[in-house]
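A short worksheet on the structure shown next.
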Amino acid sequence: MKLYYFFIWILLCNINCTKAPPQNDPIPTHESFKIQSAQVNEERTINIWLPPNYKPSDSFPVMYMADGGIKEDFPHIANTLAQLTKEKKIKPLILVGIENTQRRRDLTGFTTVATDKEVAPIVGGSEKFRDFIKLELIPEIDKRYSTTGERSIIGESLSGLFVMETFFLTPDLFDYYIAFDPSLWWNNHYLVTKAKDYLNKFPNKRKQLWFAGSNASDISPYTQELSRILNHEKLPLLRWHYSDEPTEKHSTIFRATKEKAFIWAFSNSESK
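Right, dumping it as C-alpha cells:
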C-alpha cells in the first residue's frame with residue numbers, strides 16, 4: 006500500500022511540475038544570442054522580443070521569463086504582449102526569454118523531501134540560476150538594449166515556484182513578480198511555511214506580486230494559504246493580487262489568465 010501511494014505522489018509531482026503541452030503559436034520577429042555562463046557552467050540561449058515602437062533613444066522596462074525558448078512559452082507570451090501593447094492596454098516592454106537546458110534543476114531550490122528528488126536527476130539549482138540572471142544576464146541585457154531599470158519576472162508551474170522563491174529570497178532583484186500555478190508543494194511547501202518570516206524581513210520598497218492558482222489539489226491549498234498570509238501581514242508598499250481560478254486546470258491556467266495578469270501589472274492607466 007505504501008508503494009502505491011508513493012507512485013501516486015510521483016505521478017502528481019510529474020503532472021504538476023510539467024508545463025502545458027506546446028501549441029503551434031506563430032513565432033514572432035525576435036532576436037537571439039548565446040551567453041556563456043560561469044554561474045551555471047554552460048552556454049544559454051536567450052531570445053528577445055522588442056516592442057514595435059522600440060528605439061534605442063527611448064528606454065523600456067524588461068520582462069524576464071524562464072521557459073523562454075522558441076519551442077517553449079516565448080512565442081505565446083511575446084504575441085500576447087504585442088497584442089496588448091497594440092490595444093494600448095499595457096505599456097511597451099522588452100521580453101527576455103531564457104531557453105531551458107535542465108528545467109527542473111534550474112527552477113527548484115533545496116529540498117529535504119525524498120520524493121521531490123525523484124522528479125529529475127538533478128534538482129536544487131535555483132540559486133545558481135538566479136545568480137546567472139542577476140550577475141550575467143541582466144547586465145548583458147542592459148548593455149545591449151535601452152532599458153529603464155524596471156524589471157519583472159514571470160513563470161508557470163516550476164517557473165512559478167522560481168518566481169515565488171525569488172520574491173521571498175531576493176525581492177530587490179525585480180519590481181514585478183507574476184506566478185501562474187506555482188509549484189508551492191516543493192520541499193513540503195517550505196516557502197509558504199516560512200512566508201511570514203520572509204515578509205517580516207521584506208525591504209521597505211514598492212514591489213508588486215500577482216499570482217494565480219488552479220484547481221490542482223497539490224497547488225491550490227498553498228496558493229490560497231499564501232493569499233491569507235499576505236492579507237494578514239499587510240505590507241504597506243507591497244501591491245499584490247491573488248487570482249483564484251477553481252475552474253482552470255494546471256494545464257490551462259497560464260493561457261487563461263496571462264492577459265489579466267499583464268493588464269493588472271502593466272496597465273498604462275493603473276495607479277501604482
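To convert, count from 1 in the sequence shown and add 5; that's the working numbering.
By construction, the Cβ of each residue, glycine as well, lies at the ideal position given by its N, Cα and C atoms.
Being a predicted model, the structure only gives us computed values, none of them experimental.
The C-beta separation of I75 from N58 comes to about 23 Å, leaving the pair out of contact by the 8 Å criterion.
Restricting attention to L89, P97, G114, the CA atom closest to the CA of T152 is found in P97.
A distance of 8 Å or more separates the beta carbons of P241 and P208. Looking only at S232, A217, K39, the smallest Cα-Cα distance to F259 is reached by A217.
When C-alpha distances from T117 are compared across H194, P226, D30, A270, the shortest belongs to H194. For E161, the enclosing beta strand (DSSP E) covers residues 152–161. I159 and R211 have their alpha carbons spaced roughly 18 Å apart.
8 Å or more divides the Cβ of S157 from the Cβ of F172.
With a threshold of 16 other beta carbon atoms within 10 Å, R49 meets it and is buried.
From the listed residues W54, A221, G154, E123, the smallest Cα separation to F38 is found for W54. Rounded to the nearest whole angstrom, the C-alpha separation of R244 and L89 is 22 Å. In the three-state reduction of the DSSP assignment, A184 falls in the strand class, which pools E and B.
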